[in-house]
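>
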Amino acid sequence: MPGLGDEGYVYQLSNGHSSVNSVVVLRVGNIVTALQYHRFTVPDAGGRGLAGALQAARWTVDSLRGRG
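Reading the sequence shown from the start, the letters are residues 118 to 185 in our numbering.
#1: Taking 8 Å as the threshold (C-beta atoms), are L152 and G122 in contact?
#2: Between the C-alpha atoms of Q172 and G163, what's the straight-line distance to the nearest angstrom?
#3: Is the CB-CB distance between G166 and S139 below 8 Å?
#4: Is V141 buried or exposed, if buried means 16 or more other CB atoms sit within 10 Å of its CB?
#5: Going by C-alpha distance, which of A174, L181 and S180 is nearest G120?
#6: Taking just the CA atoms, how far does F157 sit from S135?
This is the structure we're talking about:
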């Protein structure tokens, strides 16, 4: 996923009833981390859960690179 460290990917899980988990796994140098962003809204209209997860991932990358 461009802009998410040296490597990264995103996926979403839903129980189909009340919640959606957006997960971002990324690598910066030799550090690998997974961020989980949870919303109690199904469906996730407008992709707000995914947008929140990606923003948290960008903040994490900035912090790990010393820019945050």
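Beta carbons: idealized from backbone N, C-alpha and C, even for Gly. In this text, all values refer to a predicted model and were calculated from it rather than measured experimentally.
By the coordinates alone:
#1: Contact: no.
#2: Their Cα atoms are separated by approximately 15 Å.
#3: Contact flag set, yes.
#4: Classification of V141: buried, given that the 10 Å Cβ count is 16 or more.
#5: Minimum Cα distance to G120 is reached at A174.
#6: Distance between the alpha carbons of S135 and F157: 5 Å.
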